[in-house]
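In this text, residue positions in the sequence shown follow this note's numbering: the first is 445, and each later residue adds one. Even for Gly, the Cβ is constructed at its ideal location relative to N, Cα and C.
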Amino acid sequence: MSGVEVVVKDLSKSFGQANIWSDVTLTLPPGEISVLLGPSGTGKSVFLKCLIGLLKPERGSIVIHDTDLVRTGESKLYELRKLFGVLFQDGALFGSMNLYDNIAFPLREHTRKSEAQIRDIVAEKIDMVGLAGDETKLPGEISGGMRKRAGLARALVLDPEIVLFDEPDSGLDPVRTAYLNQLIVDLNAATDSTFLIVTHDINTAQTLPDNMGIMYHRHLAMFGPREQLLTSQDPVVSQFLNGRRRGPIGMSEEKDADEQAAEGTDDTQVELPELKPQIEPLNGMARKAADRRMERVVGMLPTLPERAQLAIVSSMSEEQRARYGTEDGAGQRVVAGANIAMPGPGARRQAGHALADGDVADVARSRWQPPSSREGR
Ligand SMILES: Nc1ncnc2c1ncn2[C@@H]1O[C@H](COP(=O)(O)OP(=O)(O)OP(=O)(O)O)[C@@H](O)[C@H]1O
Ligand SMILES: [Mg+2]
């Protein structure tokens with residue numbers, strides 16, 4: 445099993461007169477981990493519900509396996525829904541059922557598997573989330589973190605190709621959140637499924653995903669590789685990702701002009717902290733999506749802002765530098781129109797450092813080209 449691509453284009457959702465968001469366009473790359481952030485009430489949960497077909501957007505498309513699930517009929521939608529596993533915010537376990545029966549529930553509802561087969565699958569998933577031995581406990585008898593993990597086991601029991609997590613880390617202490625995030629990365633390595641995670645946790649956002657997006661003010665403010673958002677100087681993105689009070693986002697979503705003026709100088713001048721490293725799977729596992737992603741982001745490198753380009757090249761291993769032709773510090777400039785080029789091997793230690801304006805670094809034998817020379821071919 446491996447993840448599938450989810451292509452969302454120009455999606456808009458309203459309830460009656462109330463527009464929640466418009467023109468949301470993003471692609472969840474197969475097997476990659478993406479995170480969706482945004483102030484409370486901006487419609488992140490509504491977005492997840494649109495993806496699984498529980499809510500119907502009035503415009504746009506969501507294409508999975510060549511089917512647009514906004515326009516498809518009920519029976520096809522029912523089939524497509526089986527591709528999804530969803531971890532709801534509170535785990536959404538049945539309080540009167542023990543963990544075993546909770547986790548077995550989707551198998552009993554949606555498959556014709558025998559109880560013996562169900563026992564094997566439930567045991568495997570329970571083991572995966574570290575709850576072996578707790579099968580007979582009721583949800584009320586276990587901690588919040590255990591309930592989340594049980595919810596995760598239930599979300600995974602049908603081997604979904606796409607897993608949606610709505611605030612898996614809400615209400616967890618930092619240590620449990622760290623364990624859960626590690627578990628999510630390990631699961632991703634084991635399944636190669638496509639993950640979309642809604643979170644308010646900045647540390648999760650900084651360390652978990654391959655890609656991230658921010659919902660703000662009735663639209664998707666930005667969506668792209670983690671390095672693009674984490675190095676972004678866009679006021680909304682940078683305020684949110686650094687958890688600052690100062691910036692365009694206020695307590696009730698948007699500050700008015702007076703409030704912003706009263707704050708004085710803008711935050712884009714703030715020096716951004718170094719990029720935290722992304723969480724790696726444990727036990728020597730490798731994420732299949734990691735190589736595909738590197739291929740993908742190298743392809744889009746010329747379209748990204750300078751800081752993002754630098755952060756991506758800085759995050760490459762020596763082997764990747766060799767493969768993509770950035771192991772040698774001499775040669776031609778790579779990215780036309782940008783005051784940047786790629787650092788040589790020694791530059792890895794400077795991950796997250798931006799070049800000063802006007803600085804130009806050189807690199808040899810890169811296989812990627814500025815967009816203008818691509819068009820000429
Ligand atoms: N079924 C519904 N009918 C009408 N309005 C709805 C419905 N579901 C959500 N909304 C509205 O859509 C808006 C976005 O809600 P949503 O739950 O998606 O926010 P969110 O970004 O997930 O917020 P939070 O971070 O607090 O979970 C809210 O104003 C909410 O009241
Ligand atoms: Mg929500």
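For ligand 1, any of its heavy atoms closer than 8 Å to the Cβ of F416? Since the first residue shown for the chain is 445 and the last is 821, residue 416 is missing from the structure and cannot be characterised.
Any heavy atom of ligand 1 within less than 6 Å of residue CB: hits in chain order: Residues flagged by the Cβ proximity filter: F459, I464, G482, S484, G485, T486, G487, K488, S489, V490.
Measuring CA to CA, which of I723, R765, E476 is closest to Q650? Counting from one through the sequence shown, the residue named residue 650 turns up at place 206. If we check each option's Cα against that of Q650, I723 comes out closest.
Have a look at V619 and H554 and give me their C-alpha separation to the nearest angstrom. Counting from one through the sequence shown, the residue named residue 619 turns up at place 175. Counting from one through the sequence shown, the residue named residue 554 turns up at place 110. About 35 Å.
With DSSP collapsed to three states, give me the class of Y522. As a working note, residue 522 is residue 78 in the sequence shown. In this structure, Y522 counts as helix in the three-state DSSP scheme.
Taking a contact to mean a Cβ-Cβ separation below 9 Å, would you say R598 touches P550 in this structure? Along the sequence shown, one-based indexing puts residue 598 at 154. Along the sequence shown, one-based indexing puts residue 550 at 106. Yes, the pair counts as a contact, with Cβ atoms nearer than the cut-off.
How would you call M656, buried or exposed, if buried means at least 16 neighbouring beta carbons within 10 angstroms? Here residue 656 refers to the residue found at position 212 when the sequence shown is read from its first residue. Buried: at least 16 other Cβ atoms inside 10 Å.
What is the rounded straight-line gap between the Cα of A462 and the Cα of I562? Taking the sequence shown and counting its residues from 1, one reaches residue 462 at position 18. Taking the sequence shown and counting its residues from 1, one reaches residue 562 at position 118. Cα-Cα distance, rounded: 44 Å.
Can you give me the start and stop residues for the beta strand (DSSP E) that A665 sits inside? Here residue 665 is taken as the residue at index 221 of the sequence shown, counted from 1. Where A665 is concerned, the enclosing beta strand (DSSP E) stretches over 663 to 669.
Cβ atoms of S446 and D636: under 9 Å apart, would you say? Position 192 of the sequence shown, counted from the start, is the residue given in the question as residue 636. Position 2 of the sequence shown, counted from the start, is the residue given in the question as residue 446. It is a contact, given that the beta carbons lie within the stated cut-off.
So the candidates are G475, V452, F459; which of them puts its Cα closest to the Cα of R737? Position 293 of the sequence shown, counted from the first residue, corresponds to residue 737. When only C-alpha atoms are compared, the closest one is G475.
Does the structure place the region 570 to 589 close enough to the region 537 to 547 that three or more beta carbon pairs sit under 8 Å? Short answer: they touch.
For R740, collect the residues of the same chain with a Cβ closer than 8 Å to its Cβ; drop the 5 residues on either side in sequence, then sort them by chain order. Position 296 of the sequence shown, counting from 1, holds the residue named residue 740. Taking R740 as the centre and dropping the five residues before and after it, the same chain places the C-beta of P473 closer than 8 Å to its C-beta, in chain order.
Contacting residues, own chain, Cβ-Cβ under 7 Å from V451 (five flanking each side not counted): Start at 1 with the first residue of the sequence shown, and residue 451 comes out as number 7. The residues are T471, V507.
Starting from G504, trace the beta strand (DSSP E) in both directions and tell me its first and last residue. Along the sequence shown, one-based indexing puts residue 504 at 60. Segment 503 to 508, the beta strand (DSSP E) holding G504.
Close beta carbons around T511, own chain, < 7 Å, minus the five adjacent residues each side: For the purposes of this step, residue 511 is taken as the residue at position 67 of the sequence shown. Hits under 7 Å: K520, L524.
Option nearest I547 by Cα separation, candidates L602, M729, S466: In the sequence shown, the residue the question calls residue 547 occupies position 103. Among L602, M729, S466, the Cα nearest to that of I547 belongs to L602.
For V573, the nearest candidate out of E763, H661, V607, L624 (CA to CA): By one-based count along the sequence shown, residue 573 stands at place 129. The residue with the shortest Cα to Cα distance from V573 is L624.
Where does D571 fall in DSSP's three states? Along the sequence shown, one-based indexing puts residue 571 at 127. Of the three classes helix, strand and coil, the one that applies to D571 here is helix, per DSSP.
Based on DSSP bridge pairs, tell me the residues matched to F609. Counting from one through the sequence shown, the residue named residue 609 turns up at place 165. F609 pairs with L531, I641.
Span of the beta strand (DSSP E) holding N625? Sequence index remark: in the sequence shown, residue 625 carries index 181 (1-based). That residue, N625, is in no beta strand (DSSP E); its alpha helix (DSSP H) goes 618 to 635.
Classify Y660 as helix, strand or coil using the three-state DSSP reduction. As a working mapping, residue 660 is identified with position 216 in the sequence shown. Reduced to three states, the DSSP call for Y660 is strand.
In the DSSP assignment, find the unbroken beta strand (DSSP E) run with L652 in it and report its ends. The residue given as residue 652 occupies position 208 in the sequence shown. That residue, L652, is in no beta strand (DSSP E); it is neither H nor E in DSSP.
Could you tell me the distance, in whole angstroms, from the CA atom of G497 to the CA atom of Y660? For the purposes of this step, residue 497 is taken as residue 53 along the sequence shown, with counting starting at 1. For the purposes of this step, residue 660 is taken as residue 216 along the sequence shown, with counting starting at 1. Distance between the alpha carbons of G497 and Y660: 22 Å.
Please return the same chain residues whose Cβ sits closer than 6 Å to the Cβ of L600, not counting the five positions on each side in sequence. Taking the first residue of the sequence shown as position 1, residue 600 is located at position 156. Annotation for L600: G529, K569 place their beta carbon closer than 6 Å to its own, counting only its chain and skipping 5 residues before and after.
Classify F538 as helix, strand or coil using the three-state DSSP reduction. Numbered from 1 along the sequence shown, position 94 holds the residue referred to as residue 538. Secondary structure at F538: coil, using DSSP grouped into helix, strand and coil.
Mark L748 as exposed unless 16 or more other C-beta atoms lie within 10 angstroms of its C-beta, in which case mark it buried. Walking along the sequence shown from the start, residue 748 turns up at place 304. Note on L748: 16 or more other CB atoms within 10 angstroms of its CB, so buried under the neighbour-count rule.
Assuming the contact rule is C-beta atoms closer than 8 Å, D678 and M666 should be a hit. Round their C-beta distance to whole Å, please. Residue numbering aside, residue 678 sits at position 234 when the sequence shown is read from its first letter. Residue numbering aside, residue 666 sits at position 222 when the sequence shown is read from its first letter. About 6 Å; that satisfies the 8 Å criterion.
G482 and I658 closer than 9 Å at C-beta: Position 38 of the sequence shown holds residue 482. Position 214 of the sequence shown holds residue 658. Yes.
Between the Cα of L531 and the Cα atoms of Q764, M760, V607, Y544, which residue gives the shortest distance? Residue 531 sits at position 87 when you count from the first residue of the sequence shown. When only C-alpha atoms are compared, the closest one is V607.
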